[in-house]
Amino acid sequence: MTDRSLETRHDVERHFHDHKAKSRPDSDPHDFYAAGGLDEVWRAYLTQVGPLEGKTILDFGCGEGWAAAEYARRGATVHSFDISVESVRKVKGPVIHPAVMAAEHLGYRAGSFDLVLGVGILHHTELPFVRREIARVLRRGGRALFMEPLAHNPLLRAFRKLTPGRRTPTEQPMTMRQIAEFTQEFGWTDFRGYQLVSILPQGVLWVTGSRSLFRAGLRLSEAMDGWLLPRLPALQRYCWSAIIEVRK
């Protein structure tokens, strides 16, 4: 990628997320995220992250700082960044140190962090640049964990085509090949897929707007995923979300 095309990508992402941060909170009854659709994956992510007391961490692509606040509450010293100025203005907390920068060019010293943590950020970036920067700022033995959307499920591909306004034109859900290329920079990796059957209640919410129906369907389908995915791990590539962990 040329410097010009990377700059264009940054401009698109910055404009979209600045506008989103300045808008009033979304009260759409069809909103999957606001209805708790990712709560199970978020809990699994925090469990995999483990204890944070006394850790120095980087919240990678922090948005408006909701994850940074949780990391700080758990005892970490948090450095956070985002490309969106308006988003970073909303990041608050006495042990949170926000900054505006691009993921491909981090302004931190080598070996600065015990953990690099990101939620829905890698698929907005140029991975060859980003993987080198993550490896650089991690301390030896440090870990990086990311929660990311996957590209292989045909139902999800169709949904994304039907809802282009929900995301930037420059972001792309991650393929297994991209994940393999990203993780090759590191000595140890782990991949876990989430939300296979449990993507179906999203359709119920989208059509009906009923959060009670959505949550009932979500509880049942998450239980089905909990039984199915450990027994047929090859299906994980067709999940909506994945937790990707690497270790330096």
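Going by my numbering, the first residue of the sequence shown is number 3, and it counts up by one from there. For each residue, glycine too, the CB sits at the ideal point set by N, CA and C. Everything numeric in this text was worked out from a predicted model, so none of it was measured.
Three-state secondary structure (DSSP) at residue i?
{"i": "H2", "result": "The structure shown does not extend to residue 2, since the chain is modelled only from 3 through 250, so no value can be given for it."}
{"i": "L40", "result": "coil"}
{"i": "F188", "result": "coil"}
{"i": "A70", "result": "helix"}
{"i": "A112", "result": "coil"}
{"i": "I59", "result": "strand"}
{"i": "E173", "result": "coil"}
{"i": "A236", "result": "helix"}
{"i": "T10", "result": "helix"}
{"i": "S200", "result": "helix"}
{"i": "E15", "result": "helix"}
{"i": "H107", "result": "coil"}
{"i": "E128", "result": "coil"}
{"i": "A146", "result": "strand"}
{"i": "H21", "result": "helix"}
{"i": "L54", "result": "coil"}
{"i": "T79", "result": "strand"}
{"i": "S214", "result": "helix"}
{"i": "I181", "result": "helix"}
{"i": "R133", "result": "helix"}
{"i": "D33", "result": "coil"}
Would you mind giving the Cβ-Cβ distance between residue i and residue j, rounded to the nearest angstrom? I have them listed as a contact below 8 Å.
{"i": "A105", "j": "Y196", "result": "Going by Cβ atoms, the distance from A105 to Y196 rounds to 23 Å, so no, they are not a contact pair."}
{"i": "L147", "j": "L119", "result": "6 Å"}
{"i": "V80", "j": "V102", "result": "With 8 Å as the limit, V80 and V102 do not qualify as a contact, their Cβ atoms being about 16 Å apart."}
{"i": "V93", "j": "C64", "result": "6 Å"}
{"i": "G95", "j": "A112", "result": "Contact doesn't hold; Cβ gap of about 25 Å is too wide."}
Is the beta carbon of residue i less than 8 Å from the beta carbon of residue j?
{"i": "V132", "j": "L60", "result": "no"}
{"i": "L117", "j": "V51", "result": "yes"}
{"i": "H99", "j": "R239", "result": "no"}
{"i": "L237", "j": "L207", "result": "no"}
{"i": "S243", "j": "M149", "result": "yes"}
{"i": "R6", "j": "T172", "result": "no"}
{"i": "E88", "j": "D20", "result": "yes"}
{"i": "R16", "j": "S86", "result": "yes"}
Measuring alpha carbon to alpha carbon, tell me which of the options ends up nearest residue i.
{"i": "P145", "options": "G219, I245, L198, I98", "result": "The question names Pro, yet the displayed sequence has Arg at residue 145. The shortest C-alpha separation from R145 is found at I245."}
{"i": "K250", "options": "F18, V14, A137", "result": "A137"}
{"i": "P203", "options": "A112, E150, Y35, E135", "result": "Y35"}
{"i": "R134", "options": "F184, L54, P232, R75", "result": "F184"}
{"i": "P232", "options": "S212, R194, I201", "result": "R194"}
{"i": "T191", "options": "V248, I201, M178", "result": "V248"}
{"i": "E66", "options": "V90, A160, R11", "result": "V90"}
{"i": "D2", "options": "H125, T177, G205", "result": "Residue 2 is absent from the model: the chain starts at 3 and stops at 250."}
{"i": "R252", "options": "M149, G143, M176", "result": "With the chain covering 3 to 250 only, the question about residue 252 has no answer from this structure."}
{"i": "Q180", "options": "P96, G228, L124", "result": "L124"}
{"i": "G77", "options": "C64, K57, K22", "result": "K57"}
{"i": "D84", "options": "L40, A69, R75", "result": "A69"}
{"i": "S114", "options": "G143, S200, P235", "result": "G143"}
{"i": "L230", "options": "G39, E15, S200", "result": "S200"}
{"i": "F62", "options": "Y110, S212, M226", "result": "Y110"}
{"i": "P156", "options": "C241, T49, R141, K24", "result": "C241"}
{"i": "S212", "options": "E9, G39, S25, D13", "result": "G39"}
Any heavy atom of the ligand SAM closer than 7 Å to the Cβ of residue i?
{"i": "S223", "result": "Among the ligands in the structure shown, none appear at all, so the ligand SAM cannot be discussed."}
Could you check whether the region 119-135 touches the region 212-228, counting it as contact only if at least three pairs of C-beta atoms, one from each stretch, sit closer than 8 Å?
Verdict: no, contact absent.
On the three-pair Cβ rule with 8 Å, is the region 219-230 touching the region 166-174?
As far as the Cβ criterion goes, the region 219-230 does not touch the region 166-174, which means the pair count is below three.
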